[in-house]
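Below is one structure, written out as structure tokens, with a few remarks after it.
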Amino acid sequence: MSKMKGLSSERIAKRLLESRGFHVLSTNHRVMDDGDEVAEIDIVAVDSEGVRYAVEVKAGKGDVNAVRQAFANAKLCGFKPLLVCKGFADDSARKVASKLGVKVVELSEYYLLLEPEELESIIKKCVEEVFETHGFFPYSAEVNEEDRRVLKAVSTAKCFDEACKKLKVDHKELGKKLEDMSTRGVLPNRSLSFRDLKRCCSSVLARSEVMSKLDEILERLR
674 MSKMKGLSSE RIAKRLLESR GFHVLSTNHR VMDDGDEVAE IDIVAVDSEG VRYAVEVKAG
734 KGDVNAVRQA FANAKLCGFK PLLVCKGFAD DSARKVASKL GVKVVELSEY YLLLEPEELE
794 SIIKKCVEEV FETHGFFPYS AEVNEEDRRV LKAVSTAKCF DEACKKLKVD HKELGKKLED
854 MSTRGVLPNR SLSFRDLKRC CSSVLARSEV MSKLDEILER LR
């Protein structure tokens with residue numbers, strides 16, 4: 674599976690899960706053991722009852738190996754296994770999934786059950802994410818000095834904890850700051866993995882600096 678095809682499948686899977694009541698906690702989640710990476714989970718999501726799932730995403734049909742991988746990765750981090758794919762490759766895959774307790778969400782079957790408005794919402798969010806990934810933002814909210822401080826801290830941090838340390842705040846306070854920025858339109862008003870949040874913050878900060886420089890130039894020309 675190509676990198677671009679894999680990213681597209683993950684985007685669609687994220688929106689699909691969110692439409693089913695899941696909250697995406699992270700993407701490309703690394704499972705570490707004594708400092709060594711032992712696995713990477715495509716998506717970590719939690720359902721409305723607080724149950725966490727390790728989600729394996731396949732662009733095509735799920736075979737026995739895909740089912741086993743979803744099961745093994747979930748076991749490593751203590752989550753429940755979930756596989757998003759375009760149906761089962763064969764009866765063997767279906768039987769293994771049933772025996773191992775791997776929950777499977779079939780993309781093709783799900784799309785048939787969607788209302789046009791729901792499908793439109795998923796496509797819209799995917800398109801927005803593609804634009805954000807490449808630094809094209811439709812947001813035009815004013816960025817103040819406190820926003821810039823937060824944007825810089827997040828964009829240069831390796832993780833959420835490090836961003837908190839840079840700003841000398843706890844998780845809850847930083848969460849409130851980011852929520853406020855989302856409400857005002859500085860950041861996207863949807864859940865983001867930390868990697869995507871870093872990218873967003875970096876792009877918004879760069880755009881803000883460019884606009885600030887342009888304002889200075891215009892002021893001098895007057």
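Numbering (this note's numbering), first residue to last: 674 to 895.
Note that CB positions come from ideal geometry on N, CA and C, so glycine has one too.
It should be emphasised that the depicted structure is a prediction, and the values quoted were computed from it without experimental measurement.
Next item on the list: Could you pull the start and end residues of the alpha helix (DSSP H) that L878 belongs to?
Entry: 867-894
Check: Excluding the five sequence neighbours on either side, which residues of its own chain have a C-beta within less than 6 Å of the C-beta of M674, listed in chain order?
Finding: Summary for M674: the model assigns pLDDT 48, below 50, so the residue's position carries little reliability; its value from the coordinates is reported in the next sentence. These residues qualify, in order along the chain: A732.
Notebook entry, point to check: Thinking just about the alpha-carbon of each residue, which of S692, V719, K838 is nearest to the one in A747?
Noted result: V719
Checklist line | Reference S721, options G694, S881, K845, closest by Cα | finding: G694
Check: beta strand (DSSP E) containing E710: first to last residue?
Finding: 709-719
Check: When you compare each of I890, S885, V697 to I714 by their alpha carbons, which one comes out closest?
Finding: V697
Check: Below 8 Å, can you find three or more Cβ-Cβ pairs linking the segment 822-838 to the segment 846-866?
Finding: yes
Check: Cα separation between L840 and L870?
Finding: 16 Å
Checklist line | V737 (DSSP reduced to helix, strand or coil) | finding: helix
Check: Which residues in the same chain have their Cβ closer than 6 Å to the Cβ of R725, if we skip the five residues on either side of it in sequence?
Finding: V719, F752
Item checked: Close Cβ partners of L786 (< 8 Å) along its chain, the five nearest in sequence each way excluded -> Here the model assigns L786 a pLDDT of 48, short of 50, so the residue's position is not dependable, and the following value carries that caveat. Result list for L786: empty, nothing under 8 Å.
Next item on the list: Report all residues from its chain with a CB closer than 6 Å to the CB of S881; omit the five preceding and five following residues, and keep chain order.
Entry: V816
Checklist line | Outcome for M854 when other beta-carbon atoms lying within 10 angstroms are tallied against a minimum of 16 | finding: buried
Next item on the list: For F761, write down the residues that DSSP places opposite it in a beta bridge.
Entry: G735
Note to self: If the criterion is Cβ atoms closer than 7 Å, does the pair G723 and A766 meet it?
What the structure shows: no
Checklist line | Limits of the unbroken alpha helix (DSSP H) element including K826 | finding: Looking at the sequence itself, residue 826 is Ala, so the reference to Lys does not match. Residues 818-829.
Margin query: Which residues does DSSP list as the beta-bridge partners of D700?
Written below: Looking at the sequence itself, residue 700 is Thr, so the reference to Asp does not match. BP columns for T700 point to I716.
Margin query: Taking 7 Å as the threshold (C-beta atoms), are V740 and A686 in contact?
Written below: no
Check: Given that a residue counts as buried once 16 or more other Cβ atoms are within 10 Å of its Cβ, and exposed if not, what is V711?
Finding: exposed
Check: Are the Cβ atoms of P754 and F761 separated by less than 7 Å?
Finding: no
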